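2 protein chains.
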Amino acid sequence: MSETKSAANDPDLTRLVDDLLTWRRNVRHFQRRPIAELEMERLFALAQCAPSVGNAQPWRFIRVRDKGLRAALADHVDEAARNAGLCYEGERATRYASLKLHGLREAPEILAVYCDEAPSAGQGLGRATMPETLRYSTVLAIHTLWLAAQSRGIGLGWISIVEPGRISAMLAAPPQWHFVALICLGYADAPSSLPELERRGWQARLDWRDNISER
Amino acid sequence: MSETKSAANDPDLTRLVDDLLTWRRNVRHFQRRPIAELEMERLFALAQCAPSVGNAQPWRFIRVRDKGLRAALADHVDEAARNAGLCYEGERATRYASLKLHGLREAPEILAVYCDEAPSAGQGLGRATMPETLRYSTVLAIHTLWLAAQSRGIGLGWISIVEPGRISAMLAAPPQWHFVALICLGYADAPSSLPELERRGWQARLDWRDNISER
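Residue numbers (the numbering used here), protein chains in the order written: chain A, 234 to 448; chain B, 234 to 448.
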């Protein structure tokens, strides 16, 4: 690649990236067709290019291949989602009950994403005062994988209604690893430019101006 | 936009996005030339498209315009970086001292990024068991802004060697807001396909295969 490529302010690139960021969705409805192994390798390789504090690259992906484990994860999330729904009442409760919150039974790939809390890489640089930046780096790797997938027509769904301790026990995760996310990957059933939660009347996009202040 | 755009597995798009993710750098060397106001607005609008738990959109950006505040932030980071360096010895200490860790004095734009810990949007969806997903959502907004900037030839530098309490006091941040990052935005002095920490012998990229396991 040439050194000029990174300057990158080419209107076509800008427009494509704007579309990619606008069209990125959290996918809950997946087709069952598999993702080619070469594509999975490419996605993992790109995720490795994510920013990380001190270049510590602390993300750890567990790829769930076992059918029994997949079923146990799906059952656990269903239970956690039912419990989380108990706080809603009336129309909000009805709307909550109608939401599909995960695609763990259909998606061809399931990943549990962890943060190594004491990685040897990076020599501690940048995290003396904010050790949480290791977990933030792991989030950046998930988002990098997300956009790499999206540009290939592959959707990602992030599941956060889980008991991290239960997931880690099921997966026998090393004690030094902190659970960050459970994710599904696969081809989306019905792409859309609007978030599913917006289409279903849960929460619309806010005006960005409300989130900016000045000093 | 047509519904087909989101399917998006067009080889040109894939290649451009792969390049974008590969060329994204944490920038510490900035030109002083300003970013046009329309570009800043576009970046904020795109950041608002980031994924967030329950679509809660909890990110809050404080744009630092005051010169005195900018100088105070730079002085604080210099001090925090000196303190963080005390843990290194010998050649590692020399190497640490030679690193440029921020561009707070040169970058045309400085943002402090916060997470609203009790946003009204999202109705609590998705964070019953993992409240930290609000902070993770804020990280996703920073990364979205980062890539939107990169595609316009604008670099971003994330500074994490700070005492969050000191920054929040300087900026009079609301108590409900949790500090996530201090960032610089501007045109990079010298783009590169390699992380600065790798070029300077601090930490190279690891093999992605070492970060994947299966169950």
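Glycine is no exception: its CB is placed at the ideal position from the N, C-alpha and C atoms.
The model shown is predicted, which means the values in this text are computed figures rather than measured ones.
Interface partners of residue i on chain A, CB under 9 Å
{"i": "I394 of chain B", "result": "L358, G359, R360, A361, T362, M363"}
{"i": "G355 of chain B", "result": "L430, W435, Q436"}
{"i": "V260 of chain B", "result": "Ordered by position in chain A, no residue passes the 9 Å Cβ test against V260 of chain B, which lies about 10 Å from the chain."}
Proximity test, residue i beta-carbon vs the ligand SAH heavy atom, cut-off 7 Å
{"i": "P267 of chain B", "result": "No copy of the ligand SAH occurs in the structure displayed, which carries no ligand at all."}
Among the options, nearest to residue i - alpha-carbon criterion
{"i": "T377 of chain B", "options": "B:D245, B:V346, B:Q281", "result": "B:Q281"}
{"i": "I392 of chain A", "options": "A:L344, A:T327, A:E274", "result": "A:L344"}
{"i": "E274 of chain A", "options": "A:R265, A:F294, A:W256", "result": "A:F294"}
{"i": "G419 of chain A", "options": "A:D251, A:L276, A:L332", "result": "A:L276"}
{"i": "A307 of chain B", "options": "B:C320, B:L334, B:L319", "result": "B:L334"}
{"i": "A313 of chain B", "options": "A:M363, A:A405, A:A406, A:I375", "result": "A:M363"}
{"i": "E436 of chain B", "options": "A:E339, A:S353, A:N316", "result": "Residue identity differs from the one stated: residue 436 of chain B is Gln in this sequence, not Glu. The shortest Cα separation from Q436 of chain B among A:E339, A:S353, A:N316 belongs to A:S353."}
{"i": "A374 of chain A", "options": "B:V297, B:W441, B:R248, B:D299", "result": "B:W441"}
{"i": "S446 of chain B", "options": "A:N444, A:P424, A:V346, A:E447", "result": "A:V346"}
{"i": "L462 of chain B", "options": "B:G355, B:R303, B:T247", "result": "Summary: the structure shown does not reach residue 462 of chain B, with chain B confined to residues 234 through 448, and so no result is reported for it."}
{"i": "R448 of chain A", "options": "B:R296, B:T247, B:N316, B:E272", "result": "B:R296"}
{"i": "N444 of chain A", "options": "B:P397, B:R325, B:P407, B:A340", "result": "B:P407"}
{"i": "P397 of chain B", "options": "A:R315, A:E365, A:P428", "result": "A:E365"}
{"i": "P428 of chain A", "options": "B:G355, B:R266, B:R298, B:G388", "result": "B:G355"}
Integer-rounded CB distance, given that residue j should sit under 8 Å from residue i
{"i": "H411 of chain A", "j": "R360 of chain A", "result": "Not confirmed; about 13 Å, so no contact."}
{"i": "V395 of chain B", "j": "H309 of chain B", "result": "7 Å"}
{"i": "G301 of chain B", "j": "G357 of chain B", "result": "So it is not a contact: roughly 39 Å between Cβ atoms."}
{"i": "L253 of chain A", "j": "L380 of chain A", "result": "6 Å"}
{"i": "I268 of chain A", "j": "E342 of chain A", "result": "6 Å"}
{"i": "Q439 of chain A", "j": "L249 of chain B", "result": "The sequence shown places Leu at residue 439 of chain A, not Gln. 29 Å between Cβ atoms; not a contact."}
Cβ-based neighbour list, residue i, same chain, cut-off 8 Å, excluding 5 preceding and 5 following
{"i": "A240 of chain B", "result": "For A240 of chain B, the pLDDT reaches just 45, beneath the cut-off of 50, and the residue's location in the model is therefore unreliable, although a value from the coordinates is still provided. Answer for A240 of chain B: no residue qualifies."}
{"i": "E270 of chain B", "result": "none"}
{"i": "K238 of chain A", "result": "Only weak support is given to the placement of K238 of chain A: the predicted model assigns it a pLDDT of 49, under 50, and the value that follows is read from those uncertain coordinates. Here the set comprises nothing."}
{"i": "S370 of chain B", "result": "A283, P284, S285, V286, A289, Q290, P291, W292, C348"}
{"i": "S426 of chain B", "result": "T255, W256"}
{"i": "R433 of chain B", "result": "R328, S331, L332"}
{"i": "L279 of chain A", "result": "T377, L378, A381"}
Nonlocal neighbours in the same chain, by C-beta distance under 7 Å from residue i, ignoring five residues either side
{"i": "E236 of chain B", "result": "Per-residue confidence for E236 of chain B stands at a pLDDT of 39, beneath the threshold of 50, marking its modelled position as unreliable; no derived number is given."}
{"i": "V372 of chain A", "result": "V413"}
{"i": "R399 of chain B", "result": "H309"}
{"i": "A305 of chain A", "result": "M403"}
{"i": "G329 of chain A", "result": "Checking the displayed sequence, the identity of residue 329 of chain A turns out to be Tyr instead of Gly. Cβ within range, chain order: G318, Y321."}
{"i": "E384 of chain B", "result": "The sequence shown places Ser at residue 384 of chain B, not Glu. So the list reads L253, once near-sequence residues are dropped."}
{"i": "Q264 of chain B", "result": "G419, Y420, D422"}
{"i": "G386 of chain A", "result": "Y420"}
{"i": "R338 of chain A", "result": "A307"}
Contacts that residue i makes with chain A (C-beta to C-beta distance below 8 Å)
{"i": "R298 of chain B", "result": "E447, R448"}
{"i": "E431 of chain B", "result": "N288"}
{"i": "C320 of chain B", "result": "G357, A361"}
C-beta neighbour in chain E for residue i, strict 8 Å
{"i": "F263 of chain B", "result": "No chain E is part of this structure, whose protein chains are labelled A and B."}
Proximal residues of chain A, C-beta to C-beta of residue i below 7 Å
{"i": "T366 of chain B", "result": "S393"}
{"i": "L249 of chain B", "result": "L246, L249"}
Spatial neighbours of residue i in its chain, beta-carbon cut-off 6 Å, leaving aside the 5 residues before and after
{"i": "G390 of chain A", "result": "N259, V260, R261, G336, C417"}
{"i": "M234 of chain B", "result": "Bear in mind that a pLDDT of 35 at M234 of chain B, under 50, signals an unreliable position, so the model cannot answer this."}
Contacts of residue i in chain B (Cβ-Cβ under 8 Å)
{"i": "T377 of chain A", "result": "L254, H376"}
{"i": "W410 of chain A", "result": "Correct list: empty, because the minimum Cβ distance to chain B is about 10 Å."}
{"i": "R257 of chain A", "result": "C282, P284"}
{"i": "A381 of chain A", "result": "V250, D251, L254"}
{"i": "L439 of chain A", "result": "Q281, Q290, A354"}
Proximal residues of chain B, C-beta to C-beta of residue i below 7 Å
{"i": "S331 of chain A", "result": "Neighbours of S331 of chain A on chain B: none; closest Cβ ~13 Å, over 7 Å."}
Chain-ordered neighbours of residue i on chain B, where CB pairs are closer than 9 Å
{"i": "I295 of chain A", "result": "I445, S446, E447, R448"}
Beta strand (DSSP E) runs contained entirely in the segment 279 to 339 of chain A, provided each spans 3 or more residues: Qualifying beta strand (DSSP E) stretches, in chain order: 292 to 296.
In the segment 345 to 418 of chain A, which residue ranges form an unbroken alpha helix (DSSP H) of at least 4 residues, counting only runs that do not cross its ends? 366 to 383, 397 to 404
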